[in-house]
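Read the structure below first, then the notes.
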Amino acid sequence: MQSGVLNSVLRILSKAGYVVTDLIETKPRCFDIVAKKDENIFLIKILYNIDSLKGEMAEEMKKVATLLSAVPIVVGEKFKLDFLERGVVYNRYGLPVINTATFYDFIIEDMPPMVYSAPGGYYVKLDSEKIRKVREELGISLGEMAGYLGVSRRAIKKYEEGIDTSVENALKLEDLLGTYIIKAIDLKNFVKECRDLEENPEKLQLGKKEEEIIDQLRVIGIKVYPIRHAPFDIVSKPGEKEDEMVLTGVRQVREIEKRAKILGKISEVLSTKAAYIVEKKVSQTSDMVVFLMKEDLDCIVSAKDFITIINEKKRTEKNI
Numbered sequence: 385m386q387s388g389v390l391n392s393v394l395r396i397l398s399k400a401g402y403v404v405t406d407l408i409e410t411k412p413r414c415f416d417i418v419a420k421k422d423e424n425i426f427l428i429k430i431l432y433n434i435d436s437l438k439g440e441m442a443e444e445m446k447k448v449a450t451l452l453s454a455v456p457i458v459v460g461e462k463f464k465l466d467f468l469e470r471g472v473v474y475n476r477y478g479l480p481v482i483n484t485a486t487f488y489d490f491i492i493e494d495m496p497p498m499v500y501s502a503p504g505g506y507y508v509k510l511d512s513e514k515i516r517k518v519r520e521e522l523g524i525s526l527g528e529m530a531g532y533l534g535v536s537r538r539a540i541k542k543y544e545e546g547i548d549t550s551v552e553n554a555l556k557l558e559d560l561l562g563t564y565i566i567k568a569i570d571l572k573n574f575v576k577e578c579r580d581l582e583e584n585p586e587k588l589q590l591g592k593k594e595e596e597i598i599d600q601l602r603v604i605g606i607k608v609y610p611i612r613h614a615p616f617d618i619v620s621k622p623g624e625k626e627d628e629m630v631l632t633g634v635r636q637v638r639e640i641e642k643r644a645k646i647l648g649k650i651s652e653v654l655s656t657k658a659a660y661i662v663e664k665k666v667s668q669t670s671d672m673v674v675f676l677m678k679e680d681l682d683c684i685v686s687a688k689d690f691i692t693i694i695n696e697k698k699r700t701e702k703n704i
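Residues in the sequence shown are numbered consecutively from 385, following the numbering used here.
Given below as structure tokens:
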């Protein structure tokens, strides 16, 4: 059933003209699909039952999305025993969760969802300025509006200050004012930017060699953001003022070639640089990934040199 959701999402993205890669070959992973079109980048997690999404994975997904300037979305069909409703956004550890039909409406029809689920029922966001403006134009007092809705004057004042309300109350408001006052849910800005990006390499359960690589990168002035559950182990940024970013692999495992191949697909979709730092030489598996020997780092004295070597190696390998 989960593969059915995955295939549906891939078809939707393809129909909408997104460049896509799926990571179904790698485990564990905090996202399953990377998609890009123009300036829009999505990280998508596919789960038939969203109850299986764990907090650790959700936090990791938010972290990666922040680093890659991407929008994280979870697509599923059920939560426990209930099916997710079309046009409704659910919340799981701070991530927006929608079903396949809602994803279709959002991507293909450019119809964002209008309702979100929260404890107690379904709610909507209100256009507070429009409510106040139309109420005053119609000459309706706060008391009259409160009486019509069966709520307090204070509640009406809160509506005009931006508080959300139930779907039922919002529909009554629209009926009274004779206009639309419900705002769409902004999925692209649903998740607040993750600020806790730093992490000690020790928490990643890396080996001594991998920790040495990370330490070397930091010594030469590269900002290093370790990632646990992705085909890349760190996101390397060569400086605060530079836009260049390198998706970097450092784990010395048997599947380096396989991981590098998937890493290359991601970097191609995102149009970013990718590098894998290795102890021993491996066969080239992707035109997008540059392999650097760990000993090469000893010759690098600055973040700028790091980028220069990656660019030079990439040009050299393309000309071989």
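Built from N, CA and C at the ideal position, the CB exists for glycine as well.
If you count every other CB in all the chains shown that lies within 10 Å of the CB of residue i, and 16 or more means buried, which is it?
| i | result |
| --- | --- |
| P622 | buried |
| K438 | exposed |
| K429 | buried |
| K399 | exposed |
| A454 | buried |
| T692 | exposed |
| P503 | exposed |
| G633 | buried |
| Y500 | buried |
| E520 | exposed |
| L657 | Note that residue 657 is Lys in the sequence shown here, rather than Leu. Buried: at least 16 other Cβ atoms inside 10 Å. |
| D617 | buried |
| G460 | buried |
| Y660 | buried |
| V666 | exposed |
| E444 | buried |
| K446 | buried |
| T700 | exposed |
| N391 | exposed |
| S387 | exposed |
| A644 | buried |
| A687 | buried |
If you draw a straight line from the alpha carbon of residue i to that of residue j, how long is it in whole angstroms?
| i | j | result |
| --- | --- | --- |
| I704 | K593 | Because the pLDDT of I704 is 44, which lies under 50, any placement of that residue in the model is unreliable, and the number read from its coordinates should be weighed accordingly. Answer to the nearest angstrom: the Cα atoms are 30 Å apart. |
| N695 | S512 | 51 Å |
| R638 | G471 | 44 Å |
| K541 | A530 | 9 Å |
| V448 | T410 | 16 Å |
| K514 | L468 | 30 Å |
| F426 | I457 | 7 Å |
| D516 | S550 | Per the sequence shown, residue 516 should be read as Arg rather than Asp. About 18 Å. |
| P412 | E552 | 42 Å |
| N424 | N433 | 26 Å |
| V673 | P610 | 18 Å |
| V535 | K576 | 32 Å |
| Q600 | A614 | 21 Å |
| L571 | E663 | 42 Å |
| N483 | I524 | 39 Å |
| F487 | K642 | 30 Å |
| F675 | G648 | 11 Å |
| V685 | K607 | 14 Å |
| L452 | I646 | 17 Å |
| A554 | G401 | 35 Å |
| D559 | G505 | 21 Å |
| V389 | V481 | 13 Å |
| E679 | R612 | 24 Å |
| G605 | M629 | 13 Å |
| Y373 | A485 | The structure shown does not extend to residue 373, since the chain is modelled only from 385 to 704, so the question has no answer here. |
| R538 | P497 | 28 Å |
| C683 | V603 | 12 Å |
| K556 | G562 | 10 Å |
| K464 | C414 | 20 Å |
| D406 | V393 | 10 Å |
| I598 | D671 | 24 Å |
| G527 | V518 | 15 Å |
| L522 | K567 | 21 Å |
Could you spell out where the alpha helix (DSSP H) holding residue i opens and where it closes?
| i | result |
| --- | --- |
| S392 | Q386 to K399 |
| V551 | V551 to L561 |
| A348 | This structure cannot settle anything about residue 348, because the visible part of the chain is limited to 385 through 704. |
| Y532 | L526 to L533 |
| K542 | R537 to Y543 |
Within the continuous beta strand (DSSP E) that includes residue i, where are the two ends?
| i | result |
| --- | --- |
| R519 | No beta strand (DSSP E) contains R519, which is instead part of the alpha helix (DSSP H) from S512 to L522. |
| F426 | N424 to I430 |
| A454 | Segment: none, A454 is in no beta strand (DSSP E) and carries neither H nor E. |
| A419 | I417 to K421 |
| V404 | V403 to D406 |
query = Below 8 Å, can you find three or more Cβ-Cβ pairs linking the region 466-478 to the region 435-455?
reply = yes
message = List, from N- to C-terminal side, the beta strand (DSSP E) runs of 3 residues or more that fit wholly inside the region 590-673.
response = 607-610, 618-621, 630-633 and 657-662
request  = Examine the Cβ distances between the region 648-668 and the region 416-436 and report whether three or more of them are shorter than 8 Å.
outcome  = yes
request  = Assess, as a yes-or-no matter, whether the region 391-405 is touched by the region 490-499 under the definition of 3 or more beta carbon pairs within less than 8 Å.
outcome  = yes
Stretch-stretch touch, CB-based, cutoff 8 Å, three pairs: the region 508-523 with the region 533-549 = yes
query = For the region 441-501, which segments carrying the alpha helix (DSSP H) assignment without a break, of at least 4 residues, lie completely within its bounds, in sequence order?
reply = 484-491
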